[in-house]
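I have placed the structure first, in the form of structure tokens, so that the comments after it can refer back to it.
Number of protein chains: 2
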Amino acid sequence: INNKDFLTAPIIDQIISSEKVAHVQIGNNAEHALLVLTKTGYSAIPVLDNQYHLKGLLGIGMITDSILGMERIEYERLEDIKVDEIMDTNLPTIRVKDRFQRAVDLLINHPFLCVTEEDGTFAGIITRRVIMKEFKKYIYN
Amino acid sequence: INNKDFLTAPIIDQIISSEKVAHVQIGNNAEHALLVLTKTGYSAIPVLDNQYHLKGLLGIGMITDSILGMERIEYERLEDIKVDEIMDTNLPTIRVKDRFQRAVDLLINHPFLCVTEEDGTFAGIITRRVIMKEFKKYIYN
Ligand SMILES: Nc1ncnc2c1ncn2[C@@H]1O[C@@H]2COP(=O)(O)O[C@H]3[C@@H](O)[C@H](n4cnc5c(N)ncnc54)O[C@@H]3COP(=O)(O)O[C@H]2[C@H]1O
Ligand SMILES: Nc1ncnc2c1ncn2[C@@H]1O[C@@H]2COP(=O)(O)O[C@H]3[C@@H](O)[C@H](n4cnc5c(N)ncnc54)O[C@@H]3COP(=O)(O)O[C@H]2[C@H]1O
Numbered sequence: 509i510n511n512k513d514f515l516t517a518p519i520i521d522q523i524i525s526s527e528k529v530a531h532v533q534i535g536n537n538a539e540h541a542l543l544v545l546t547k548t549g550y551s552a553i554p555v556l557d558n559q560y561h562l563k564g565l566l567g568i569g570m571i572t573d574s575i576l577g578m579e580r581i582e583y584e585r586l587e588d589i590k591v592d593e594i595m596d597t598n599l600p601t602i603r604v605k606d607r608f609q610r611a612v613d614l615l616i617n618h619p620f621l622c623v624t625e626e627d628g629t630f631a632g633i634i635t636r637r638v639i640m641k642e643f644k645k646y647i648y649n
Numbered sequence: 509i510n511n512k513d514f515l516t517a518p519i520i521d522q523i524i525s526s527e528k529v530a531h532v533q534i535g536n537n538a539e540h541a542l543l544v545l546t547k548t549g550y551s552a553i554p555v556l557d558n559q560y561h562l563k564g565l566l567g568i569g570m571i572t573d574s575i576l577g578m579e580r581i582e583y584e585r586l587e588d589i590k591v592d593e594i595m596d597t598n599l600p601t602i603r604v605k606d607r608f609q610r611a612v613d614l615l616i617n618h619p620f621l622c623v624t625e626e627d628g629t630f631a632g633i634i635t636r637r638v639i640m641k642e643f644k645k646y647i648y649n
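Chains as they are written, first to last, in the numbering used here: chain A, 509 to 649; chain E, 509 to 649.
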């Protein structure tokens, strides 16, 4: 395949589907989110609502940053902070029927992208690792 | 350039040099490390000794995981835990004079690689972002 074939390939086979993606829900508190992130071992995960719509991105750094006080890290405040208040709502997304080109462009600055259906339903994620594997196969030919 | 040129290119121009790399030192405690990670915004950084030799990798997840007690997250223990006890010492490394091929192979499973001189001195890091930018230039031709 040539460069153009690589860029125009659909992303659909590379999507990690939603049931395999760790996430937290709107309304969860930051302490719960910290437990989920620590136990799954991921540094950032999607935030969904109860309709499985994508609402934002929550990273461990956002949690610790929210309790960095003047004198100490204020751990006791974690149970009073909702993920809604600290998540990143400015996250780039990609559609299920988009092509590698859009994934390549966005994954330069983002470790993973949330994939959504036309109606905003969360469909899964596409990660740098998956694109790099495809790129490696491509470049080794 | 062709595939072979891409893979045999030296990594040297893509290294983020050591003075630009946030790190912690052997002997630092986990609370200090958590502050460095939170303030720099990175999820994992190298651990060096006072001779600027690479000793390991420390991620935020390793810190929170170390204080996950049976009943609660035991934040008070952070100042008593040394980074030496919780860091990852199994990290892959790459030499200053290595080629893109080795970087591509290893960055599939690691967000960044520590670059060392022959004598183990820390020279900098090479990141997925940098390799993906080179790959994008390559594939857009
Ligand atoms: N349990 C595990 N098993 C094997 N390797 C692991 C792993 N956890 C992390 N890694 C490796 O570390 C990289 C960075 O993970 P991080 O959690 O910072 O960053 C992750 C995380 O924020 C998110 N992510 C990946 N898979 C996820 C999942 N199943 N659920 C939720 N978020 C996920 O996408 C980012 C990029 O993932 P990517 O695979 O490119 O890159 C991953 C992968 O190469
Ligand atoms: N201050 C910032 N400005 C702009 N973009 C930012 C940023 N902090 C993070 N990012 C973006 O988020 C990605 C993941 O960052 P993370 O800290 O999890 O994972 C980072 C971090 O663990 C480490 N890293 C990168 N630059 C570093 C530095 N100057 N010092 C120490 N560690 C660094 O290498 C990993 C992969 O970095 P990469 O650049 O491929 O990928 C970065 C970059 O695309």
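Ideal placement from N, C-alpha and C gives every residue a C-beta, glycine not left out. Predicted model only: the values in this text are computed from it and were never measured.
Step through the CB atoms of chain C and report whether any lies within less than 8 Å of the CB of residue i.
{"i": "Lys644/A", "result": "The structure shown contains no chain C; its protein chains are A and E."}
Taking the alpha helix (DSSP H) that residue i belongs to, which residues open and close that run?
{"i": "Ile519/A", "result": "First-last for Ile519/A: undefined, no H or E at that position."}
{"i": "Ala611/A", "result": "Phe608 to Leu615"}
{"i": "Ile553/E", "result": "It is not in any alpha helix (DSSP H) - Ile553/E instead sits in the beta strand (DSSP E) that spans Ala552 to Leu556."}
{"i": "Glu531/E", "result": "Sequence check: residue 531/E is His here, not Glu. Here His531/E belongs to no alpha helix (DSSP H), and DSSP marks it neither H nor E."}
{"i": "Ile639/E", "result": "Arg636 to Ile647"}
{"i": "Leu543/A", "result": "Ala538 to Thr548"}
Return the chain-ordered list of same chain residues with a C-beta closer than 6 Å to the C-beta of residue i, the five sequence neighbours on each side being excluded.
{"i": "Ile534/A", "result": "Asp557, Lys563 and Asp592"}
{"i": "Phe620/E", "result": "Ile633 and Thr635"}
{"i": "Ile594/E", "result": "Met570 and Ser574"}
{"i": "Asp606/A", "result": "Ile519"}
{"i": "Leu545/A", "result": "Ile568"}
What residues in its chain sit with their C-beta under 7 Å from that of residue i, if we drop five residues either side in the sequence?
{"i": "Ala541/A", "result": "Val532, Leu566, Ile571 and Val591"}
{"i": "Cys622/A", "result": "Pro554, Leu562, Leu599, Thr601, Phe630 and Ile633"}
{"i": "Arg585/A", "result": "Ile575"}
Taking the CB atoms as reference points, tell me whether residue i and residue j lie closer together than 8 Å.
{"i": "Ser551/E", "j": "Ile575/E", "result": "no"}
{"i": "Phe608/A", "j": "Ile519/A", "result": "yes"}
{"i": "Leu615/A", "j": "Ile639/A", "result": "yes"}
{"i": "Arg603/A", "j": "Glu579/A", "result": "no"}
{"i": "Val612/A", "j": "Lys644/E", "result": "yes"}
{"i": "Glu582/A", "j": "Asn537/A", "result": "no"}
{"i": "Leu530/A", "j": "Thr548/A", "result": "The sequence given here places Ala at residue 530/A; Leu does not occur at that position. Result yes, Cβ atoms of Ala530/A and Thr548/A sit closer than 8 Å."}
{"i": "Asn511/A", "j": "Asn511/E", "result": "no"}
Please go through the same chain and pick out, in chain order, the residues whose beta-carbon is closer than 8 Å to the beta-carbon of residue i, but skip the five residues on each side of it.
{"i": "Lys528/A", "result": "Gly632"}
{"i": "Asp596/A", "result": "Gly564, Leu565, Leu566, Gly567 and Met570"}
Name the one or two DSSP bridge partners that residue i has.
{"i": "Asp596/A", "result": "Leu565/A"}
{"i": "Phe630/E", "result": "Thr624/E"}
{"i": "Lys590/A", "result": "Asn537/A"}
{"i": "Leu576/E", "result": "Ile581/E"}
{"i": "Ile523/E", "result": "Ile523/E is not bridged to any residue."}
First and last residue of the beta strand (DSSP E) that includes residue i?
{"i": "Leu621/A", "result": "Phe620 to Thr624"}
{"i": "Arg603/E", "result": "Thr601 to Arg603"}
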